[in-house]
Amino acid sequence: MKILVPVKRVVDYNVKVRVKADGTGVDIANVKMSMNPFDEIAVEEAVRLREAGIATEVVAVSCGVTACQETLRAAMAIGADRGILVETDVELQPLAVAKLLKALCDKEQPTVVIGGKQAIDDDSNQTGQMLAALMGWPQATFASKVTLGDGVATVMREIDGGLETLEIKLPAVVTTDLRLNEPRYATLPNIMKAKKKPLDTVKPADLGVDIAPRLATLKVAEPPKRSAGVRVADVAQLVDKLKNEAKVI
Amino acid sequence: MRESMEFDVLIVGGGPAGLAAAIRLKQLAAEKGSDISVCLIEKAAEIGAHILSGAVMDPRALNELIPDWKEQGAPVTTAVTEDRVIFLNETRGRKVPTGLLPDCFLNHGNYIVRLGNVAKWLGEQAEALGVEVYPGFAGAEILFDETGAVKGVATGDMGVTREGEQGPAYQPGMELHAKYTLFAEGCRGHLGKQLEAQFNLRNGVDPQTYGIGLKELWEVPAERHEPGVVVHTTGWPLPSDTYGGGFVYHLEDKLVAIGYVVGLNYTNPHLSPFEEFQRYKTHPEIRKYLEGGKRLAYGARAIAAGGLQSQPKLVFPGGALIGDDAGFLNAARIKGSHAAIKSGMLAAEAAFGAVAAERQRDELAAFPEAFRSSWLYEELHKTRNFKPYMKKGLWMGSLLFGIDQKVLKGKAPWTLHNSADHDKLKLASECPKIDYPKPDGVLTFDRLSSVFLSNTNHEEDQPCHLQLKDTSVPIAVNLAKYDAPEQRYCPAGVYEIARDESGSNPRLQINAQNCVHCKTCDIKDPTQNINWVVPQGGEGPIYQGM
């Protein structure tokens, strides 16, 4: 059983992002980048399935600039067997990524795609769902437990107010939530080994996919600063302020 | 059982010194048509992320290391256009006429750089030459062979719990063995400190003396930006008996690096280097550069300032100390990256020769010999008396150093001495309290919002990397005698005196997650009770071009 794991290169989760002065996006010059944490969970899950003898091969895929190779090496240091980079400098939106992944699924024929539920940079939470729709496969998103059986997957999902368990037919798309697992630390020997694992590079055109952006970003702005609090004299003043100033009651 | 790997040369630390050594080793191998395996580890999550410096860089060493650095795209682009040295009093500044400045204060031909970016670029050069560069791995332990020589280091274990147990994500560290190990941890390296003790490297030399440097990166309005201008100030807000000063470096892209250095031999335990830096920015001569701008980044790092007479012996069986791990900085010139690079190159040449001669784990005597006949030795020798003169106070110190440099040309027949910093504090009861202004949130800030901008991060469930030798000392000695100075000298708010609800039963709370790896506590703690060790690899600040 082959598992395909898409991994995205994003601004590191410890870094405080800064909006560019011209409002066109977030400044990523000189900024530390790393693997989207939800994708790291996905790689860990896939590797654990292989280590348990359920899966036979874990293929990591990343779409984007040349430096995404580093993200793929990080996935291979966790344990992915090989990597595929779909290389492009064009801004990639979720639909374009889903189409690229569809092309790779057609080629690689994985039994399951395990991806992060969303990327921490744009928080779109769309790629997994779009990929499932394009493939005509079942999907189980926000997984907190994954069990692969014979032709089916049993997935526990985190939903509002509790947990839901689904049984879906394979092949399928699963996206990971935070509690699915805790990814291992990549060890130095594994990082060394990862440098020698195969990494293929393809271009979107090779896959016959049109990746032109369909959405236009109008403006990126920082959230407004929280203003200082005030101390109210009594309940009446509080109610008055909530009613007339904050206009929330 | 830890895995191990063998290399010809292992380098601990990916700053200018370590990377220069790595590059030089590979260049020499290429020139000689031989091969040499070189591994470099770095505790930061990526190369450059723990680098913090002013920085004005003298390109002399870089010219020697990579002569075509311009064509190779080095982020060294902003040439210094003007030097301004200003003595500040509370309300005004007096610029020193350029003709009166000793040569060491002149920066014509130098560049204003973001040293973290330079390190990142050097890291790429090293990798391209075949150096195995592994950021995210800290040298946690020195390994010795059966003869007592250094045989390498072990990286730290990952996933150990606060109590020291193996957690679910536990991964043992790895042993890296080498014929020669070069330690390039920067100022007050925690392994360097152990090596100095193990091999008595400080016998017959002065104690090292340090400063703490705090720095912010600002984006300023175009009309306030003067690319290439270098401003150094002394005087206000520090009293004249306390060594220190500020800098404002106008970088490219409307960026301004502003910083403040306080000598860690200060005596008043109420002094807070962080708050001195914050109020420094409110001086009219400094504020004028920043108003209307935005603070982008913050960080701090200790600096080794003792110069030549405080340098330990550089070599021991199996390795050498390079860069600021050995205190190569030139305090009088307010720069050290050129010295770090040069020291790394000299050590690399010695190590390459030894490996080529099929030697291993002996003393690289050729390194200190080459250093003594290098331009770097001459340069450091010329300014060796700067820091000791400054112990005489700002005015007398400046006058004496001025005479030393302008009249005697640094050739005075005497060498003055340094003393340790940690025993300089006077009792809190004997010193005036200092009333620092509240931050305004525009020009001046509090510690926590500052630390936030260092991007620092540590896994909480791990053994505290700030070890107390004696847990009673923080209250019984530090609080009782010195009003717990670690609360003030720590630039990251790591140390707090917590009390119970009634305001009694004080105890020291260590917020180790905030640590920015500056090492000041390891240096300044009055009884040397704090031992800084490495946390898990890949943690600590994530500076982006500091």
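For the record, the sequence lines run as chains A and B. If you count the first sequence from 1, you need to add 20 to reach my numbering. If you count the second sequence from 1, you need to add 97 to reach my numbering. Positions of the beta carbon are idealized from the N, C-alpha and C atoms, including for glycine.
Worksheet entry | Minimum length 3: unbroken beta strand (DSSP E) runs contained in the region 167-210 of chain B | 179-185, 190-192
Practice prompt. Mind checking which residues open and close the alpha helix (DSSP H) that includes residue 447/B?
Written response: 434-453
Worksheet item: In whole angstroms, what is the alpha-carbon distance linking residue 237/A and residue 44/A?
Response: 7 Å
Discussion item. Taking only three categories from DSSP, how would you classify residue 98/B?
Written reply: coil
Worksheet item: To the nearest angstrom, how far is it from the Cα of residue 66/A to the Cα of residue 100/A?
Response: 8 Å
Practice prompt. Could you work out which residue in 78/A, 98/A, 92/A is closest to residue 132/A when comparing CA atoms only?
Written response: 78/A
Worksheet item: Rounded to the nearest angstrom, how far is the Cβ of residue 544/B from that of residue 371/B, given a contact under 8 Å?
Response: The Cβ separation is near 6 Å, so the contact holds.
Worksheet item: In terms of residues, what are the limits of the alpha helix (DSSP H) holding residue 126/A?
Response: 114-128
Worksheet item: Exposed or buried, which one is residue 165/B when buried takes at least 16 other CB atoms within 10 Å?
Response: exposed
Practice prompt. Could you confirm whether any beta carbon from chain B is found closer than 8 Å to the beta carbon of residue 44/A?
Written response: Using a CB distance cut-off of 8 Å, residue 44/A does not count as an interface residue toward chain B.
Item to complete: Report the neighbours of residue 183/B on chain A: residues whose CB is nearer than 7 Å to its CB, in chain order.
Response: What residue 183/B touches in chain A: nothing, since even the nearest Cβ is about 30 Å away.
Discussion item. So, does the region 407-422 of chain B touch the region 102-121 of chain B, judging by three or more C-beta pairs under 8 Å?
Written reply: yes
Worksheet item: If contact means a Cβ-Cβ distance below 8 Å, which residues of the region 43-71 of chain A contact chain E?
Response: Absent from the structure: chain E. Protein chains present are A and B.
Fill in: Whole-angstrom C-beta distance between residue 137/B and residue 163/B, which should lie under 8 Å
Not a contact, Cβ separation roughly 16 Å.
Practice prompt. Assess, as a yes-or-no matter, whether the region 325-343 of chain B is touched by the region 177-185 of chain B under the definition of 3 or more beta carbon pairs within less than 8 Å.
Written response: yes
Worksheet item: Name the DSSP bridge partner or partners of residue 136/B?
Response: 107/B, 229/B
Worksheet item: Looking at the unbroken alpha helix (DSSP H) that takes in residue 472/B, where does it start and where does it end?
Response: Element bounds for residue 472/B: 472-479.
Worksheet item: Helix, strand or coil: which one does DSSP assign to residue 220/A?
Response: For residue 220/A, the secondary structure class from DSSP, reduced to helix, strand or coil, is strand.
Worksheet item: Whose C-beta lies closer than 7 Å to the C-beta of residue 540/B among residues of the same chain, with five residues either side of it excluded?
Response: The answer, listed in chain order, is 378, 379, 384, 387.
Worksheet item: What residues in the region 138-168 of chain B have a beta carbon less than 7 Å from any beta carbon of chain A?
Response: Of all residues in the region 138-168 of chain B, 142, 143, 146 have a Cβ within less than 7 Å of some Cβ in chain A.
Fill in: Straight-line Cα distance separating residue 210/A from residue 222/A
25 Å
Worksheet item: In three-state terms, what does DSSP make of residue 241/B?
Response: strand
Worksheet item: If you draw a straight line from the C-alpha of residue 218/B to the C-alpha of residue 187/A, how long is it?
Response: 50 Å
Practice prompt. Output yes or no for whether 8 Å exceeds the beta carbon distance between residue 217/A and residue 38/A.
Written response: no
Item to complete: Within 10 angstroms of the Cβ of residue 546/B, are there 16 or more other Cβ atoms? Answer buried if so, exposed if not.
Response: exposed
Worksheet item: Closest by CA to residue 188/B, which one among 322/B, 334/B, 207/B?
Response: 334/B
Item to complete: Please list the segments of the beta strand (DSSP E) lying wholly inside the region 181-206 of chain A, counting only runs of 3 or more residues, in order along the chain.
Response: Listed in chain order, the complete beta strand (DSSP E) runs (minimum 3 residues) inside the region 181-206 of chain A are 182-189, 192-196.
Worksheet entry | Cα-Cα separation, residue 257/A to residue 209/B | 56 Å
Worksheet item: For the region 233-251 of chain A against the region 126-141 of chain A, are there 3 or more C-beta pairs whose distance is under 8 Å?
Response: no
Worksheet item: Which residues in chain B sit within 7 Å of residue 141/A, going by Cβ to Cβ distance?
Response: Chain B residues near residue 141/A: none, gap ~16 Å exceeds 7 Å.
Fill in: Environment of residue 129/B [buried if 16+ CB atoms lie within 10 Å]
exposed
Worksheet item: So, are the CB atoms of residue 281/B and residue 112/B less than 8 Å apart?
Response: yes
Discussion item. Nearest by alpha-carbon distance to residue 239/A: which of 40/A, 143/A, 106/A, 27/A is it?
Written reply: For the residues 40/A, 143/A, 106/A, 27/A, the minimum Cα distance to residue 239/A belongs to 40/A.
Worksheet item: For chain B, is any of its Cβ atoms less than 8 Å away from the one on residue 187/A?
Response: no
Discussion item. Count Cβ pairs between the region 225-242 of chain B and the region 627-639 of chain B that sit closer than 8 Å; are there 3 or more?
Written reply: yes
Discussion item. Quick check: residue 62/A and residue 206/A, are their CB atoms within less than 8 Å of each other?
Written reply: no
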